[in-house]
Structure formats: structure tokens, C-alpha cells
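As they're listed, the protein sequences go chains H and C. Add 699 to the 1-based position in the first sequence for the numbering used here, that's all there is to it. Add 5 to the 1-based position in the second sequence for the numbering used here, that's all there is to it. Positions of the beta carbon are idealized from the N, C-alpha and C atoms, including for glycine. Please read these numbers as outputs of a predicted model, since none were measured by experiment. Structure, as C-alpha cells:
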Amino acid sequence: MSLNRVVIVDYGLGNLFSVVRALHQLGAEGRISGNPQEIVSAERLILPGVGAFGDGMAHLNERGLVPALHQYAASGRPLLGICLGMQILMSTSEEFGFHRGLDLIKGKVILLERPREDRRFKVPHIGWNALYRPQDSGPNGSGWRSSLLDHVAEGSCVYFLHSYAVVPDSQDTCAAVTRYANNLFCSVIKQGNVQGVQFHPERSGEAGLSLLRNFINDNSRPRPLTDGSVVAGFGLIKEDQ
Amino acid sequence: MLNKTTVIQGQTASALLDQGLRTRIIPRLDIKGPNLVKGISFDGFRVLGTPNEMALLYYQEGADELLYYDTVASLYQRNSLKEIVRRTAEETFVPLTVAGGIRTIEDIREILRSGADKVAINTAAVNRPEFLKEAAQTFGSQCIVLSIEAKRLANGSYEAWVNYGRQPTGVDAVAWALRGVGLGAGEILLTSIDREGTAKGFDLDLIRKIGAEVDVPVIASGGAGKKEHMAEAVLGGKADAVSAAALFHYHYMKRVDTLYMSSNHAGLRMGQQVDEGNIDFLRAGAYSGLKESRYQPMAIPQIKDYLARQGVACRAPTRSDREVSGAPQ
């Protein structure tokens with residue numbers, strides 16, 4: 700199996716082709732799939748998505764993909780959620796009611812606040828905005844918390860299109876923050892092999908391509924056992940569950 | 006500081022001066038058949054070159070989005086448009102919007118499948134407003150842009166026109182904007198028919214009127230002739246994004262000419278015949294033959310630098326390996 704093969708989860712939401720094209724530009728193959736078996740056995744997995752949180756989870760449930768995503772995440776292989784795909788990694792969302800997410804990272808999803816006094820700030824937040832290190836990112840503030848951001852200069856702009864943002868329970872999972880009016884939200888999240896970006900790296904010019912390049916070069920590898928199961932942080936999980 | 010809730014109120018160290026607003030600079034590429042054209046008040050096209058090469062150049066120069074505008078969307082020409090979109094989507098990685106001739110859900114699906122991120126809809130939405138709702142429900146508001154081409158009336162109000170600025174509708178542009186957003190449009194591409202192609206500056210009154218009514222971003226289009234106009238659209242017109250065509254085309258085409266085109270017309274479009282459009286402009290030697298002195302063409306990075314000095318923050322342009330932004334020789 701090629702190292703640079705990425706499965707992109709198709710659950711009926713959003714335009715997946717731009718992700719495929721960006722991967723192609725980087726010499727990787729993006730394979731769009733809604734098949735649980737293909738998702739579980741992927742080398743790398745991207746969970747894309749646009750639209751509402753509740754719709755997204757409903758589509759995943761209808762297609763029986765939630766167990767597959769949990770199983771994949773437990774394998775230790777790289778998972779990247781993009782936009783709604785990042786939000787769905789979290790425990791809950793307040794978008795149009797209360798919804799449960801995949802709960803792969805503890806935390807919630809909340810609506811961006813729009814300042815009443817300044818009409819320039821609209822929600823959805825559409826356009827280019829900058830990535831900053833969380834303030835407590837270590838001695839001298841050097842280095843990103845995620846290798847996804849290698850070679851991405853602090854302050855680089857990427858393309859956002861969202862109304863909601865994630866609030867992780869543990870601020871240690873927040874790898875980059877972005878400011879929009881009075882909102883300082885988590886724009887890159889990372890917990891082990893499970894990562895998410897609130898922006899669209901496939902539409903974010905060279906900075907976005909750098910991030911995707913880091914993702915396809917991420918060599919966190921699963922440890923396969925002889926019986927086809929994998930050892931992961933959450934214990935022994937059979938691949939065919 | 007970043008506290009437990011991550012989304013917090015108040016100031017932080019690194020983001021203290023950065024509230025997160027970036028004005029989008031969007032080159033607009035009008036397409037007629039296989040050609041990049043420039044119209045004047047939506048009439049009298051002039052062939053400038055090929056769209057794909059210009060789109061790639063604009064991407065490399067730091068365009069924040071790209072806008073393709075199909076000027077005469079007939080059935081025959083749709084395939085050529087889709088091919089242009091497909092090629093640009095493969096080599097540029099910023100949002101791409103396609104406008105012109107979008108009539109059905111299937112049209113949208115095909116254009117998105119070809120590689121566009123958004124479609125801008127004018128005529129079909131005026132004819133049947135519910136189309137906007139269906140489109141937004143099917144694909145999400147984030148990829149449905151309402152394109153309004155507005156003409157100023159004697160009483161100071163604005164009328165929405167359709168069919169690439171050829172046909173009045175009697176519909177009030179401001180009321181239509183509000184209704185379109187209510188039906189699900191996620192952005193408004195707002196073009197002044199009176200200013201389009203004139204280099205006289207944006208119709209600030211029009212942009213302000215519509216921006217005051219709607220909560221979605223307004224992309225100002227029509228009239229950009231020099232850098233000051235771009236700043237006015239944001240500072241005076243309160244536009245969220247600014248589109249310009251000839252302001253950029255006339256700067257870059259000399260270089261595209263050098264990079265991609267030979268002096269013979271066969272080489273112009275990679276061996277295709279020049280089969281339509283007025284090519285006198287190219288024959289006259291592109292920018293050197295330009296008679297319209299009102300334009301003060303400029304590179305995208307230079308425009309962004311200027312805007313930053315005026316207090317209009319933009320995404321810093323990503324410089325490509327090829328240094329392409331200097332003034333034409």
C-alpha cells in the first residue's frame with residue numbers, strides 16, 4: 700500500500716474534489732469513500748464537511764460510519780478533520796439544539812459571537828485569517844504543538860468559512876488559535892493522531908498546501924499484530940468490528 | 006490569554022493588533038468562449054488572452070479568491086467553461102467562484118464538480134427566486150452567491166438587471182438583495198453596470214445601501230481603475246471584498262504575453278484559433294497600445310501594500326518563485 704494514499708470520508712456533505720485535487724498536487728492520492736471497511740483500513744483519513752453539525756452526524760449515522768471512525772481513530776493512524784469535520788471530532792455542539800459528536804476529543808462547539816457595535820464582523824466568518832500559537836506554547840513560545848504546522852509561519856493566513864468553533868476541555872489540545880473580533884478560537888486541534896483544522900487547507904494557498912503536505916508525510920504508524928488487529932491507546936480493537 | 010474556554014472575550018498578546026479582518030482581493034476574469042475578455046459596461050468585449058494562464062498568475066501573486074464570469078453562457082460554450090474551470094481548479098488553491106448562465110441545480114452540480122467552490126447566480130434567481138432556496142438547501146449557503154447587476158435610476162434608487170447587464174427587470178436591487186439573502190444566498194456579488202469597465206471607481210452609494218441591509222459579505226465589483234478606488238470601496242463603501250478586472254489584467258498581460266504567448270495568434274491559446282471576439286487590442290500590442298489613460302494598472306501585492314497603509318488589512322501575498330509582480334517593461 701502506498702504511504703501517500705488518503706481516504707476522504709464521503710458522507711454526503713460538501714465538495715470533496717478540492718481536497719482530492721490539493722492532495723494530487725502534493726503527489727498523494729485522495730480516495731473518496733463512504734465504505735466503512737475502506738475507512739477502517741485507511742492509511743490516512745480525512746473527515747471533511749460543510750454545513751450543520753446535526754446534519755453531519757445524522758449523515759454519518761445513516762451510513763453507519765460512526766463505529767468505523769472510532770475504530771480508525773483508535774488505530775493510531777493519522778486523522779484530519781476539516782471545518783465541520785473538525786467540529787464533529789468533539790463531544791457536543793450547540794448548533795440548532797444539542798447534538799453529540801464523535802467525542803474523540805473532549806469539548807464542545809459553540810457559535811461565534813458577533814459584536815453588535817461593529818458591522819464589519821459578520822457571521823459566518825468568511826475569508827482569510829491568521830494562525831497564532833496559543834500563548835502558553837512552551838519556553839520562548841517557540842514551535843507549534845502540532846507537526847501539521849511545520850513550515851507554516853506564525854501569522855500565516857488561511858481560508859475560513861464557519862459560524863461555529865470548537866472549545867476543547869483541555870487547552871493542551873489547542874495547537875493554534877485565531878482571532879475574530881472578540882472571539883479567540885481554536886483553529887487547529889491535536890490530540891495524538893486525531894487532528895482538526897477549522898479552515899480549509901485545500902483552499903488556503905501555499906500555507907494550506909504545507910499543512911496538507913505535513914499530514915501526508917506524518918509517519919505515525921499503527922502497530923499491526925499478526926491477527927490483523929491493532930494496538931492503540933484505547934486497547935485492542937479488531938479491525939473487522 | 007488563552008483560558009479554559011478557548012473562545013474568550015478580550016485581548017490577547019499575539020492577536021492584540023489583529024482582530025481578524027482581512028479584505029479579500031478578487032480578480033475577476035470575464036470569459037467569452039475560450040477567451041479572457043474585458044467588457045465596457047457589459048458591452049463591447051475586447052479579447053485579452055486566455056483565462057487559465059491569468060488565473061494561475063493571479064493565484065501566485067496572492068489573489069484571495071478567483072472569479073470567473075461567463076459572459077455569454079450558451080449551451081455550446083458551457084463545455085469550454087467547464088474545461089477552463091477544471092484546469093484552474095487543478096493548479097490554483099484559493100476559492101474559485103463561477104458566475105454566468107447558472108440555471109439549474111444540475112448546472113451548479115456540474116460546475117462544482119468541475120472544481121468551482123461557489124457559483125454566483127443572477128438571471129435564474131430573478132426569474133425564479135425559489136431557485137436560490139433550492140440551491141442553498143442542496144449545496145449549502147456557503148457556495149451560493151447572489152450576483153446582482155445594478156443600474157442607478159434617475160431617482161437615486163437601483164434596479165437589478167439580468168443577462169449580463171443587458172436587460173432591466175423592474176426589481177429594486179436593495180430589496181432584492183435582502184430577499185435573496187433570506188432565501189439562502191451566502192454572499193452578494195454586487196456589480197455596478199454604470200461603473201463596470203469605466204475605471205471611474207466603485208459606486209459607493211450602491212455598496213453602502215446594500216451592505217446596510219444584509220448580514221452576508223458584499224463583494225464590490227465594477228469600476229476599479231486605480232488603487233485608491235479599492236481603498237474607497239472598503240473604507241467608504243464598507244465592502245467586505247473587492248473585485249477588479251482590468252486594473253489587474255492591464256498590469257499582468259504584458260507578462261503573460263511574454264511568458265505564454267507568442268506574437269502570432271496561433272500560439273495565443275496553445276494552438277487554438279482565435280474564433281471570436283475583438284482582438285484589435287492584442288494586435289495593437291496589448292498594454293502599450295492602451296488608450297484608456299484612466300486605468301492605473303497595478304500588481305496585486307502592490308495594491309495590498311497600499312491598502313495596508315490605508316488601514317485596510319489584507320492577507321499578505323504569498324510570493325511565488327517566479328518574480329512576476331514588477332511593473333511592465
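Original post:
Taking just the CA atoms, how far does Phe716/H sit from Ser152/C?
Top reply: 24 angstroms
Subject >> Local Cβ density within 10 Å of Pro838/H, reported as buried at 16 or more and exposed below that >> reply: With a pLDDT of 47 at Pro838/H, under the threshold of 50, the modelled position of this residue cannot be trusted; read the value that follows with caution. That one is exposed.
Original post:
With respect to the beta strand (DSSP E) encompassing Pro306/C, which residues constitute its N-terminal and C-terminal limits?
Top reply: Premise fails: Pro306/C lies in the alpha helix (DSSP H), Ile305 to Arg314, not in any beta strand (DSSP E).
**OP:** List the residues of chain C whose Cβ lies closer than 8 angstroms to the Cβ of Ser903/H, in chain order.
**Re:** Phe98 and Val99
**OP:** Please name the residues in the segment 114 to 125 of chain C whose beta-carbon is closer than 7 angstroms to at least one beta-carbon of chain H, in chain order.
**Re:** Leu117, Arg118, Gly120 and Asp122
**OP:** Please classify Thr109/C: is it buried, with 16 or more other beta-carbons within 10 angstroms of its beta-carbon, or exposed?
**Re:** exposed
**OP:** Check whether the Cβ atoms of Val124/C and Ile113/C lie closer than 7 angstroms to each other.
**Re:** Using a Cβ distance threshold of 7 angstroms, Val124/C and Ile113/C count as a contacting pair.
**OP:** Please name the residue in Val150/C, Gly161/C, Asp210/C and Ala204/C whose C-alpha comes closest to that of Val186/C.
**Re:** Here the closest residue by C-alpha is Val150/C.
**OP:** Mark Gln736/H as exposed unless 16 or more other C-beta atoms lie within 10 angstroms of its C-beta, in which case mark it buried.
**Re:** exposed
Original post:
Are the Cβ atoms of Val179/C and Val239/C separated by less than 7 angstroms?
Top reply: no
**OP:** Would you list, in sequence order, the uninterrupted alpha helix (DSSP H) runs of no fewer than 4 residues that lie entirely inside the segment 63 to 130 of chain C?
**Re:** 80 to 96 and 110 to 119
**OP:** Give the residues of chain H in contact with Gly185/C, contact being defined as C-beta atoms less than 9 angstroms apart.
**Re:** Residues of chain H passing the Cβ test: none, with the nearest at roughly 16 angstroms.
Original post:
Going along chain H, which residues have a C-beta under 7 angstroms from Val221/C?
Top reply: Lys821
**OP:** Below 6 angstroms CB to CB, which residues in the same chain sit around Arg730/H once its five sequence neighbours on both sides are set aside?
**Re:** Around Arg730/H: Val706.
Original post:
Using a beta-carbon distance below 7 angstroms, is Trp827/H in contact with chain C?
Top reply: yes
Original post:
Do you know whose CA, among Ile787/H, Arg832/H and Arg815/H, lies nearest Gln870/H's CA?
Top reply: Arg832/H
Subject >> Other residues of its chain near Thr28/C: CB distance less than 6 angstroms, five sequence neighbours each side excluded >> reply: Val239, Val317 and Cys319
**OP:** Output yes or no for whether 7 angstroms exceeds the beta carbon distance between Gly806/H and Pro867/H.
**Re:** yes
Subject >> DSSP state of Ile745/H mapped onto helix, strand, coil >> reply: Shown here, Ile745/H sits in a strand according to DSSP, grouped into three states.
**OP:** Could you tell me the boundaries of the alpha helix (DSSP H) in which Ser248/C lies?
**Re:** Counting along the chain, Ser248/C falls outside any alpha helix (DSSP H), though it belongs to the beta strand (DSSP E) covering Ala246 to Ala249.
Original post:
According to DSSP, is Ala159/C helix, strand or coil?
Top reply: coil
Original post:
Three or more beta-carbon pairs under 8 angstroms between the segment 216 to 225 of chain C and the segment 817 to 826 of chain H, yes or no?
Top reply: Yes, they touch.
Original post:
Out of Phe914/H, Leu764/H, Gly780/H and Arg902/H, which has the shortest C-alpha to C-alpha gap to Thr97/C?
Top reply: Arg902/H
**OP:** Under 8 angstroms between beta-carbons, which chain C residues line up against Val705/H? List them in chain order, please.
**Re:** Chain C residues near Val705/H: none, gap ~16 angstroms exceeds 8 angstroms.
Original post:
Listing by chain order, which chain C residues have their CB less than 7 angstroms from the CB of Val749/H?
Top reply: Gly145 and Gln147
Subject >> 7 angstroms Cβ cut-off: residues of chain H touching Arg320/C >> reply: Trp827 and Cys856
**OP:** Determine contact between the segment 777 to 789 of chain H and the segment 744 to 759 of chain H, defined as no fewer than three beta-carbon pairs at a distance below 8 angstroms.
**Re:** yes
Original post:
How about Leu759/H and Tyr710/H: do their beta carbons lie closer than 7 angstroms?
Top reply: For the 7 angstroms CB-CB criterion, Leu759/H and Tyr710/H form a contact.
Original post:
Using 7 angstroms as the limit for Cβ to Cβ distance, is Asn839/H near chain C?
Top reply: Confidence is the limiting factor: at Asn839/H the pLDDT is only 47, short of 50, which leaves the residue's position unreliable and the question unanswerable from this model.
Original post:
Can you tell me where the beta strand (DSSP E) with Arg878/H in it begins and where it stops?
Top reply: From DSSP, the beta strand (DSSP E) with Arg878/H extends over Cys873 to Tyr879.
Original post:
Quick one: is Leu158/C buried, meaning 16 or more other Cβ sit within 10 Å of its Cβ, or exposed?
Top reply: By the beta-carbon neighbour count (other beta carbons within 10 angstroms, threshold 16), Leu158/C is exposed.
**OP:** Just the C-alpha distance for Lys156/C and Leu41/C, rounded to the nearest angstrom, thanks.
**Re:** 24 angstroms
**OP:** Within its chain, find whatever has a CB closer than 7 angstroms to the CB of Val876/H; leave out the 5 residues flanking it on each side and keep chain order.
**Re:** The residues are Tyr831, Pro833, Leu883, Phe884, Cys885 and Ser886.
**OP:** Could you check the C-alpha separation between Asn714/H and Tyr879/H for me, to the nearest Å?
**Re:** 25 angstroms
**OP:** Classify Gly290/C as helix, strand or coil using the three-state DSSP reduction.
**Re:** With a pLDDT of 47 at Gly290/C, under the threshold of 50, the predicted position of this residue should be treated as unreliable, though the coordinate-derived value follows. Coil at Gly290/C, not helix or strand.
Original post:
Name the chain C residues that come within less than 9 angstroms of Leu642/H, Cβ to Cβ?
Top reply: Since the displayed chain H opens at 700 and closes at 940, residue 642/H lies outside it and no answer follows.
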